[in-house]
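Read left to right, the sequence shown gives residues 566 to 678 (this note's numbering). One structure below.
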Amino acid sequence: MTKTRRSFTDEFKREAVALLEGSGRPLEHVARELGLQASVLRNWRRVAQGHPPRSRSGAPAVSGTAIPAKPDEQTAEIARLRRELERTRQERDILKNDRGPSVRLRVEKRAAL
């Protein structure tokens, strides 16, 4: 048997939060009296206080649009990432070389003799 998800009006949510804040009773007691889960009432209180709503997993809900960084910040980040990539490529090339720099020097000295 599938449970249907209940929906509540904005007015009911506001009144529930006002009851919670005005009564001075614990959140769990007020939620039980209203037939709600404590987490639901807690989320409504967060939204009423101006915080973003939380998703069902407990993480902040994502609005779908990310705030773009300033162009100066993006340019600086790109430059930093390019430097890091170049350094990483150089390290890779050094480690990839089977003959380390000391082996190369010995070979060059033998050739000079």
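Ideal Cβ positions, reconstructed from N, Cα and C, are used throughout, including at glycine.
TODO: State the Cα-Cα distance for the pair residue 653 and residue 590, rounded to the nearest angstrom.
DONE: 58 angstroms
Task: With 16 other Cβ atoms within 10 Å as the buried cut-off, status of residue 583 - done: exposed
Task: Length at least 4, wholly inside the stretch 592-623: the alpha helix (DSSP H) runs in chain order - done: 592-599, 603-613
Open item on the list: I'd like the span of the alpha helix (DSSP H) that includes residue 577, first residue to last.
Closed with: 575-588
Open item on the list: Helix, strand or coil for residue 569? Go by DSSP, reduced to three states.
Closed with: coil
TODO: Classify residue 646 as buried or exposed, calling it buried when 16 or more other Cβ atoms lie within 10 Å of its own Cβ.
DONE: exposed
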